[in-house]
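What follows is a short report on a single structure.
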Amino acid sequence: MLTVRYFAGAREAAGVASEQLEVGGPTPVAALRRALAASRPGLAPVLSRCALLVAGSRATDDTVVPDGALVDVLPPFAGG
Amino acid sequence: MTEVSSGVGQSDATRVTEDVLDDAAARAVEAAVAAPECGAVVTFRGVVRDEDGGRDVTSLDYEAHPDATAVLRRVCADVAAETGLRVAAAHRFGHLVVGDVALVASASAGHRAEAFAACSLLVERIKAEVPIWKKQQFTDGESEWVGL
């Protein structure tokens with residue numbers, strides 16, 4: 018089970034601020050992205066522009082998301 | 143006072159906050175970089191502008207990640223380490239209207255060239271690395287997330 022938090026434009030596209038996602042074990046980040054996009058169609062175009070923060074560290078294509086992790090979906094930053 | 147999670151070991155002036163960034167707040171950021179050997183203090187204020195891309199803007203809604211203050215403090219520490227200078231910054235979130243200050247960033251140095259350069263570097267790093275987002279509200283009623 019993962020906890021996924023959506024921020025800013027990703028939250029708006031997802032329609033929720035956070036959700037629990039059953040993944041059945043360690044999950045490659047690419048597979049997680051596919052699962053998120055499939056479960057929330059409105060999110061797909063935004064998700065492709067977002068970074069994923071897994072347990073506080075920015076995920077790369079090689080990251081494997083451990084079961085139980087907190088995953089943050091972060092749109093491009095726009096401070097200043 | 144509402145702030146996004148704090149760190150330790152740096153000035154309280156460096157923070158991501160819902161508080162208004164008024165003159166007193168800007169002075170607090172400057173005070174955090176002041177030192178007897180520094181003859182130059184450069185402060186940048188980022189202010190909500192009334193247009194973007196030719197469209198009239200009425201307000202901006204800033205959102206900050208819970209770790210935003212910790213990231214801002216790390217960014218300041220990185221820039222300080224790279225330049226050897228004192229830097230500090232405060233960023234506001236919440237609902238801001240045209241003319242409101244969103245960001246105060248200060249750097250100090252012995253002389254002005256280094257202080258200007260460090261302040262500019264600090265602002266660039268903040269924009270690139272601190273998890274903050276903003277949604278523009280236009281006069282025609284539409285809105286959009288900046289950068290998305």
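As given, the protein sequences belong to chains X and Z, one line each in that order. For the first sequence, our numbering gives the first residue as 18, with consecutive numbering after it. For the second sequence, our numbering gives the first residue as 143, with consecutive numbering after it. Ideal Cβ placement from N, Cα and C applies to all residues, glycine included.
- Annotation: the continuous alpha helix (DSSP H) that includes residue 220/Z extends over 210-225.
- For residue 249/Z, the uninterrupted beta strand (DSSP E) segment begins and ends at 243-251.
- The stretch 87-97 of chain X and the stretch 272-280 of chain Z touch, with three or more beta-carbon pairs separated by less than 8 Å.
- Contact between residue 156/Z and residue 230/Z holds: CB atoms are separated by about 5 Å, below the 8 Å threshold.
- Of the candidates 205/Z, 261/Z, 201/Z, 212/Z, 201/Z places its Cα closest to the Cα of residue 241/Z.
- Here residue 191/Z is exposed, its C-beta having fewer than 16 other C-beta atoms within 10 Å.
- Taken through DSSP and simplified to helix, strand or coil, residue 24/X comes out as coil.
- For residue 92/X, the nearest CB of chain Z lies under 7 Å from its own CB, placing it at the interface with that chain.
- Counting only Cβ-Cβ distances below 9 Å, residue 260/Z has no contacts in chain X at all, with the closest Cβ about 16 Å away.
- Note on residue 159/Z: 16 or more other CB atoms within 10 angstroms of its CB, so buried under the neighbour-count rule.
- Using a CB distance below 8 Å, the part of the stretch 245-270 of chain Z facing chain X consists of 245, 265, 268, 269, 270, ordered along the chain.
- With a threshold of 16 other beta carbon atoms within 10 Å, residue 44/X meets it and is buried.
- Residue 171/Z places its beta carbon 7 Å or farther from that of residue 221/Z.
- Scanning the stretch 253-290 of chain Z for uninterrupted beta strand (DSSP E) segments of 3 residues or longer gives 274-280, 285-287, listed from N- to C-terminal end.
- Counting only the Cα atoms, residue 153/Z lies some 29 Å from residue 68/X.
- The contact set of residue 188/Z on chain X, defined by CB atoms closer than 9 Å, consists of 96, 97 in chain order.
- Using a Cβ-Cβ distance cut-off of 8 Å, the stretch 45-55 of chain X and the stretch 66-82 of chain X are in contact, since at least three pairs of beta carbons, one from each stretch, lie closer than that value.
- Closer than 7 Å to the CB of residue 193/Z there is not a single CB belonging to chain X.
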